[in-house]
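Each residue of the sequence shown is one higher than the one before, starting from 1167 at the first, in the working numbering.
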Amino acid sequence: MYATEFDIRQHVPLRTLTSLRVGGAARYFTRVDSREGVSAVAAWAAERGLPLLVIGRGSNLVVADAGFPGVVLRVSIRGVTTRLADDTVELRIGAGENWNTLVTRTVQRNWAGMECLAGIPGLVGASPVQNIGAYGQESSDTICAVEAFDLDTGQVVTFSSAECQFDYRSSRFRTDGRVRYIILSVSYRLRRNGPPTVQYVELERDLAAQGLTRPSLQEVRRAVLAIRARKSMLLRADDPNAHSAGSFFTNPLITAAQMAALDAEIARQYPGAPRIPRFEKAGSTYKIPAAWLIERSGFARGYSAGAVGLSTNHVLAIINRGGATTEDVLRLARVIRDRVFDRFGILLTPEPVMVGVSLDAGG
Ligand SMILES: Cc1cc2nc3c(=O)[nH]c(=O)nc-3n(C[C@H](O)[C@H](O)[C@H](O)COP(=O)(O)OP(=O)(O)OC[C@H]3O[C@@H](n4cnc5c(N)ncnc54)[C@H](O)[C@@H]3O)c2cc1C
């Protein structure tokens, strides 16, 4: 019935659709560039009782070696609508637009709000899912609405920013609504001629080293891209460190009591060592760097374990060194998680979306 509306391919290896380059085959794979296409694929899958997995560029996914037994759908809806107001501009962007291209264009027009998020791989449709963030900004700072197809009702719904339930690397689209909503477009509100956000210490230092005391949006964007390039956190085909899902673990959020216990434990294990860096958040929670805990647990940059390892430029990125399987990736992740827990009592949580696998299973 829907055969003419979208092309569907069978047994497509997911390793060809993910940046980590692991994962078995999608039973079916298709891409659509319209809302009608999304609705048609949803109906096609529902009629056959097949689960649906929506993907963008696959840069935050770890899919089982067994593959995905249903329909994998890439939403390629394009389009940009611009509405100017006095000091702001509202952009409605199709889910299939490239995120980094969007950032580049907004900075060129001197619209502030996304400049620190330059270089993050992926599509616009995924930007609300884990509330992407880097160098002092998060997508939730500027998202004002998300339009999605509701698989439960077959209707298109629009969520306000508050309704998206944004949190650190989280939103309703990663929690309760993960298999319910297909994001069609995202709206952002940016500040016309606004100043750049320079709050992140590493970025501040980098700009200061260049003598940029009042940097422009463009200068901040360039500095972010340069820092990311040094850490292999740009998706470049010629960089073997880039065969990753970005940071494999989120930075732990801990309570004041846990912070005090951790400080005491670190002082006991490393007498006289400097304190672990921390970022104090509202509500007496602290965000601490997972990378610090991993390095102090004995995993250096470039650590290797057969076909997998850690990036030589960034200890948080687990990389596929060539021919790895998903199980190889998970095995290393479990070893790291368990050693950090044994040493510091802090449980690391994976950042990528796990499909058909879990760090808890098998280890
Ligand atoms: C080198 C590298 C660096 C990275 N740096 C950062 C960083 O600095 N900060 C950061 O936050 N992330 C970072 N990431 C992770 C990743 O780039 C982001 O999470 C990005 O938003 C994923 O986009 P994607 O299109 O590849 O989504 P995918 O990986 O394909 O999907 C991610 C999730 O979003 C869902 N999804 C995708 N599209 C839709 C849609 N249209 N509707 C509903 N759900 C959808 C998927 O089902 C999945 O759950 C990095 C990754 C890599 C490889």
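Beta carbons are placed, not taken as given, at the ideal position from N, Cα and C, and that holds for glycine.
Whole-angstrom distance between residue j and residue i, CA atom to CA atom
{"i": "residue 1375", "j": "residue 1229", "result": "41 Å"}
{"i": "residue 1414", "j": "residue 1455", "result": "12 Å"}
{"i": "residue 1307", "j": "residue 1439", "result": "36 Å"}
{"i": "residue 1314", "j": "residue 1498", "result": "36 Å"}
{"i": "residue 1422", "j": "residue 1416", "result": "18 Å"}
{"i": "residue 1384", "j": "residue 1203", "result": "37 Å"}
{"i": "residue 1392", "j": "residue 1485", "result": "20 Å"}
{"i": "residue 1394", "j": "residue 1251", "result": "33 Å"}
{"i": "residue 1172", "j": "residue 1194", "result": "12 Å"}
{"i": "residue 1182", "j": "residue 1188", "result": "8 Å"}
{"i": "residue 1210", "j": "residue 1277", "result": "41 Å"}
{"i": "residue 1176", "j": "residue 1240", "result": "14 Å"}
{"i": "residue 1492", "j": "residue 1523", "result": "9 Å"}
{"i": "residue 1399", "j": "residue 1388", "result": "14 Å"}
{"i": "residue 1180", "j": "residue 1444", "result": "37 Å"}
{"i": "residue 1408", "j": "residue 1334", "result": "23 Å"}
{"i": "residue 1512", "j": "residue 1198", "result": "42 Å"}
{"i": "residue 1168", "j": "residue 1232", "result": "Per-residue confidence for residue 1168 stands at a pLDDT of 46, beneath the threshold of 50, marking its modelled position as unreliable; the derived number appears in the next sentence. Rounded to whole angstroms, residue 1168 to residue 1232 spans 27 Å at the Cα level."}
{"i": "residue 1302", "j": "residue 1262", "result": "25 Å"}
{"i": "residue 1358", "j": "residue 1378", "result": "21 Å"}
{"i": "residue 1174", "j": "residue 1448", "result": "47 Å"}
{"i": "residue 1373", "j": "residue 1446", "result": "24 Å"}
Near ligand 1: residue i beta-carbon under 7 Å from a heavy atom
{"i": "residue 1136", "result": "Any answer about residue 1136 is impossible in this case: the structure gives the chain only from 1167 up to 1529."}
{"i": "residue 1476", "result": "no"}
{"i": "residue 1194", "result": "no"}
{"i": "residue 1205", "result": "no"}
{"i": "residue 1338", "result": "no"}
{"i": "residue 1366", "result": "no"}
{"i": "residue 1259", "result": "no"}
{"i": "residue 1298", "result": "yes"}
{"i": "residue 1485", "result": "no"}
{"i": "residue 1222", "result": "yes"}
{"i": "residue 1412", "result": "yes"}
{"i": "residue 1344", "result": "yes"}
{"i": "residue 1289", "result": "yes"}
{"i": "residue 1211", "result": "no"}
{"i": "residue 1348", "result": "yes"}
{"i": "residue 1490", "result": "no"}
{"i": "residue 1292", "result": "yes"}
{"i": "residue 1470", "result": "no"}
{"i": "residue 1479", "result": "no"}
{"i": "residue 1191", "result": "no"}
{"i": "residue 1408", "result": "yes"}
{"i": "residue 1219", "result": "yes"}
{"i": "residue 1227", "result": "yes"}
Bridge partner(s) assigned by DSSP for residue i
{"i": "residue 1520", "result": "1228"}
{"i": "residue 1216", "result": "Bridge partners of residue 1216: none, in fact."}
{"i": "residue 1259", "result": "1246, 1352"}
{"i": "residue 1179", "result": "1191"}
{"i": "residue 1303", "result": "1300"}
{"i": "residue 1277", "result": "1358"}
{"i": "residue 1452", "result": "1420, 1446"}
{"i": "residue 1336", "result": "1333"}
{"i": "residue 1411", "result": "None; residue 1411 has no bridge partner."}
{"i": "residue 1486", "result": "1474"}
{"i": "residue 1436", "result": "Residue 1436 pairs with nothing; no bridge assigned."}
{"i": "residue 1264", "result": "1289"}
{"i": "residue 1315", "result": "1322, 1348"}
{"i": "residue 1234", "result": "1192"}
Beta-carbon separation (whole angstroms), residue i vs residue j, contact threshold 8 Å
{"i": "residue 1477", "j": "residue 1185", "result": "Actually they do not touch by this definition, with Cβ atoms about 12 Å apart."}
{"i": "residue 1509", "j": "residue 1463", "result": "5 Å"}
{"i": "residue 1514", "j": "residue 1362", "result": "About 31 Å; that fails the 8 Å criterion."}
{"i": "residue 1135", "j": "residue 1325", "result": "What is shown of the chain runs 1167 to 1529, which leaves residue 1135 out entirely."}
{"i": "residue 1457", "j": "residue 1481", "result": "5 Å"}
Contact check, residue i vs residue j, beta carbons under 8 Å
{"i": "residue 1298", "j": "residue 1317", "result": "no"}
{"i": "residue 1390", "j": "residue 1285", "result": "yes"}
{"i": "residue 1386", "j": "residue 1364", "result": "yes"}
{"i": "residue 1366", "j": "residue 1309", "result": "no"}
{"i": "residue 1519", "j": "residue 1226", "result": "yes"}
{"i": "residue 1265", "j": "residue 1242", "result": "no"}
{"i": "residue 1248", "j": "residue 1255", "result": "yes"}
{"i": "residue 1356", "j": "residue 1257", "result": "yes"}
{"i": "residue 1548", "j": "residue 1288", "result": "Because the chain in this structure spans residues 1167 to 1529, residue 1548 falls outside the shown range and cannot be described."}
{"i": "residue 1336", "j": "residue 1296", "result": "yes"}
{"i": "residue 1501", "j": "residue 1219", "result": "no"}
{"i": "residue 1260", "j": "residue 1244", "result": "yes"}
{"i": "residue 1338", "j": "residue 1330", "result": "yes"}
{"i": "residue 1273", "j": "residue 1281", "result": "yes"}
{"i": "residue 1479", "j": "residue 1380", "result": "no"}
{"i": "residue 1466", "j": "residue 1412", "result": "no"}
Distance cut-off 7 Å: residue i Cβ against heavy atoms of ligand 2
{"i": "residue 1393", "result": "Only ligand 1 can be found as ligands here, which leaves ligand 2 out of the picture."}
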